[in-house]
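S.K.:
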Amino acid sequence: MAKVLIIGAGGVGQVTAHKCAQNPDVFSEIVLASRTESRCRQIAGQIDRPIKTAQVDASDKDQLVALMEREKPELVIHVALPYQDLTIMDACLETGVHYLDTANYEPPEHATYSYSWQWAYHDRFRERGLMALLGSGFDPGVTSVFTAYARKHHFDRIEELDIIDCNAGDHGKPFATNFNPEINIREVTQKGRYYKDGRWVETDPLAVSDEFDFPDGIGPRKIYLMYHEELESLVRHMPEIRQARFWMTFSDNYLKHLEILQNVGMTRIDPVKYQGVEIIPLQFLKAVLPDPASLGPDTHGKTCIGCLVQGTKGDERRKYYVYNICDHQQAYREVKSQAVSYTTGVPAMIGAKLMLTGAWRGAGVFNLEQLDPDPFMEALNKHGLPWHETFL
Ligand SMILES: NC(=O)c1ccc[n+]([C@@H]2O[C@H](COP(=O)([O-])OP(=O)(O)OC[C@H]3O[C@@H](n4cnc5c(N)ncnc54)[C@H](OP(=O)(O)O)[C@@H]3O)[C@@H](O)[C@H]2O)c1
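Residue numbers (the working numbering): 2 to 393.
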């Protein structure tokens with residue numbers, strides 16, 4: 002029985018709040034705090050258990066410390082934006098609170114993805130006897146656990162890893178992103194990068210593509226090579242991996258709009274003077290695009306995210322695929338959110354549950370693949386993200 006503080010009341014925060022509320026034996030008290038408190042109250046109003054709400058600017062450590070000292074949570078689930086990872090970790094260290102997030106720190110002024118800033122907190126968390134769990138969403142998160150599960154049960158040695166993320170859903174809008182538009186577009190427009198034989202190979206954005214035949218009636222789709230943060234931690238924690246790549250599907254419509262937005266400068270993240278005021282074009286674009294949390298009612302179809310793993314067990318060469326299918330409308334019926342928020346909020350709750358029940362315990366900063374995958378895999382089946390495995 003523990004009190005949890007959820008920070009961020011967007012699409013993912015909404016699912017996380019619902020899923021924690023569904024498990025009162027673990028999450029006995031829930032506080033939901035965000036920059037805009039009215040949004041927290043709106044989410045609390047959907048849930049038939051008392052959820053306390055608060056206003057906080059998570060980029061301000063003093064505000065965070067005051068909130069944590071007032072509420073005294075055991076754990077913070079951070080599902081606001083990656084820009085706030087370090088201030089929230091600092092506040093956790095100061096107040097003695099465990100920490101969990103779903104996305105690695107990004108400096109607002111550069112679209113740079115690295116765990117190095119957060120890994121640098123390891124000794125401070127260890128000395129304080131606190132645990133920080135990094136990247137407990139789907140990718141990173143479940144994909145990290147899938148890889149650890151494959152390594153534990155099916156392989157002596159993983160040689161090649163392909164993480165493949167397909168959103169085969171349709172929201173009916175000309176252009177919208179399924180999670181925070183600013184973070185999504187920064188991620189998709191960066192250079193591609195994959196790991197091969199001990200070094201990183203860079204590619205132009207979305208320049209490398211392939212086709213993958215997805216299960217459950219989704220069928221063949223074009224997939225694009227991108228950089229994704231779990232590649233960095235997986236090759237660090239499983240140094241035997243020779244090649245690690247991340248792939249994502251995009252509709253032609255999404256790519257067409259993105260290309261035009263890039264061409265006209267709307268995805269820039271450097272400040273531009275407009276009528277005497279400095280604005281960041283991508284932040285302005287976010288303000289006019291649909292809010293991902295609003296896409297739930299109209300999004301139909303499924304997501305399929307999984308890991309294709311190749312390597313050896315004894316003398317045998319193996320090719321193994323483990324994946325989850327999530328239906329947008331089913332997610333909406335349960336928690337009033339589409340499947341992209343659902344597939345992130347459920348693993349955030351599961352990571353928190355494993356920390357609070359002691360199934361996952363440690364002092365320091367951890368990525369999910371460093372911990373025993375079995376209780377997490379069991380919890381996925383129980384809490385709405387069942388997985389399937391097959392040898393190809
Ligand atoms: N690992 C994964 O699989 C995965 C997948 C998808 C998303 N994610 C991550 O999940 C996080 C949330 O995504 P989302 O789609 O829910 O985004 P979202 O809908 O934009 O929600 C972000 C929330 O954070 C709040 N916020 C922003 N800045 C804040 C600040 N300084 N202080 C307090 N609250 C602040 C926003 O408040 P306002 O309403 O005031 O703007 C909003 O409620 C992102 O970090 C994203 O990268 C991870």
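Even for Gly, the Cβ is constructed at its ideal location relative to N, Cα and C.
Residues in its own chain within less than 7 Å of E70 by CB, not counting five upstream and five downstream?
M.R.: Answer for E70: T96, listed in chain order.
S.K.: Counting only runs that start and end within the stretch 213-258, where is the alpha helix (DSSP H) found for 4 or more residues in a row?
M.R.: The stretch 213-258 contains these whole alpha helix (DSSP H) runs: 231-238.
S.K.: Return the CA-CA distance between G46 and E335, expressed in angstroms with no decimal places.
M.R.: One C-alpha to the other measures close to 15 Å.
S.K.: For W361, does the three-state DSSP call read helix, strand or coil?
M.R.: In this structure, W361 counts as coil in the three-state DSSP scheme.
S.K.: For the alpha helix (DSSP H) containing I270, list its first residue and its last residue.
M.R.: Where I270 is concerned, there is no enclosing alpha helix (DSSP H), given that its DSSP letter is neither H nor E.
S.K.: List the endpoints of the continuous beta strand (DSSP E) containing F139.
M.R.: F139 -> no beta strand (DSSP E), and no H or E assigned at all.
S.K.: When you compare only the Cα positions, how much space is there between A22 and H172?
M.R.: About 27 Å.
S.K.: Please say whether G297 and Y425 have beta carbons closer to each other than 8 Å?
M.R.: Nothing about residue 425 can be reported from this structure: the residues present for the chain run from 2 to 393 only.
S.K.: Express the C-alpha separation of V27 and T358 in angstroms, rounding to a whole number.
M.R.: Going by the C-alpha atoms only, they are around 7 Å apart.
S.K.: Within the present structure, is the beta-carbon of S145 separated from the nearest heavy atom of ligand 1 by less than 7 Å?
M.R.: Not under cutoff, so the answer is no.
S.K.: Does DSSP classify K354 as helix, strand or coil?
M.R.: Helix at K354.
S.K.: Could you tell me the alpha carbon to alpha carbon distance between E107 and R318, rounded to whole angstroms?
M.R.: So the two alpha carbons sit approximately 38 Å from each other.
S.K.: Short of 6 Å in beta carbon distance, which residues of its chain neighbour S342, apart from the five on each side in sequence? Order them along the chain.
M.R.: Here the set comprises G12, V13 and V16.
S.K.: State the DSSP-derived secondary structure class of A112, mapped to helix, strand or coil.
M.R.: In this structure, A112 counts as coil in the three-state DSSP scheme.
S.K.: Considering D91, what are the terminal residues of the alpha helix (DSSP H) in which it resides?
M.R.: Looking at the DSSP string, the run of the alpha helix (DSSP H) that includes D91 is D86 to T96.
S.K.: Should P175 go down as buried or exposed, given a rule of 16 or more other Cβ atoms within 10 Å for buried?
M.R.: Label assigned to P175: exposed.
S.K.: So, is T250 buried or exposed, given that buried needs 16 or more other C-beta atoms within 10 angstroms?
M.R.: T250 should be labelled buried.
S.K.: Could you work out which residue in D253, L372 and I351 is closest to N382 when comparing CA atoms only?
M.R.: Of D253, L372 and I351, the residue nearest in Cα terms is I351.
S.K.: By how many angstroms is the C-alpha of I78 removed from the C-alpha of A353?
M.R.: Spanning the two alpha carbons is a distance of roughly 7 Å.
S.K.: Could you tell me the alpha carbon to alpha carbon distance between L162 and F377, rounded to whole angstroms?
M.R.: Whole-angstrom Cα-Cα distance: 20 Å.
S.K.: DSSP has W1 in a bridge; who is on the other side?
M.R.: Outside the displayed range of the chain (2 to 393) lies residue 1, so it cannot be described from this structure.
S.K.: Smallest Cα separation from C167: which of F285, L259, F139 and Y150?
M.R.: Comparing Cα positions, the closest option is F139.
S.K.: Rank A380, I270, V143 and A149 by C-alpha distance to the C-alpha of E188 and give the top, closest one.
M.R.: Ranking the options by Cα distance to E188, first place goes to I270.
S.K.: Which residue marks the beginning of the alpha helix (DSSP H) containing T144, and which one marks its end?
M.R.: Looking at the DSSP string, the run of the alpha helix (DSSP H) that includes T144 is V143 to H154.
S.K.: Taking three-plus beta-carbon pairs below 8 Å as touching, is the stretch 281-295 in contact with the stretch 128-147?
M.R.: Contact fails: fewer than three Cβ-Cβ distances are below 8 Å.
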